[in-house]
Amino acid sequence: MRAIVGSANDHEMLLCLRAEREFLRLLQGDCNSPVAVLATIENGMMKLRAQVFDQPSVAPREARVEGTCDDGEGLAGELLRQINGEQE
14 MRAIVGSAND HEMLLCLRAE REFLRLLQGD CNSPVAVLAT IENGMMKLRA QVFDQPSVAP
74 REARVEGTCD DGEGLAGELL RQINGEQE
């Protein structure tokens with residue numbers, strides 16, 4: 014049982030979760046929003062990508078960002094700006 018619980022307490026997983034949740038918060042989305050967001054960490058770098066489906070007949074807006082894994086919330090803000098077509 015400890016192995017199962019321990020695997021759910023993974024630091025990288027927590028960083029990814031925070032970045033994904035921050036993107037949804039900034040987008041003012043929830044579990045019922047037509048949004049896909051995924052954070053992954055490899056070699057200390059976080060990749061965060063998202064798709065926002067505005068209308069069923071229109072292709073989704075997509076964006077990707079990459080940065081250090083300790084700045085997931087900042088990456089979420091950058092991802093939102095990109096997906097909205099805003100310049101930095």
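Residue numbers (my numbering): 14 to 101.
For glycine and all other residues, C-beta sits at the position ideal for the given N, C-alpha and C.
By a beta-carbon distance limit of 8 Å, L40 does not contact L88. Their separation comes to about 14 Å. When the alpha-carbon of T53 is set against those of R31, N45 and S46, the nearest one is in R31. As DSSP reads the structure, A76 sits in a beta bridge with A63.
E91: member of the alpha helix (DSSP H) spanning G85 to I96, first to last residue. Counting along the chain, the unbroken beta strand (DSSP E) around E55 starts and ends at V48 to E55.
8 Å or more divides the Cβ of M59 from the Cβ of C44. Here M58 is bridged, per DSSP, to E55 and T81. Rounded to whole angstroms, the Cβ separation of G85 and E35 is 7 Å, and the two are in contact under 8 Å. For C44, the three-state secondary structure derived from DSSP is coil.
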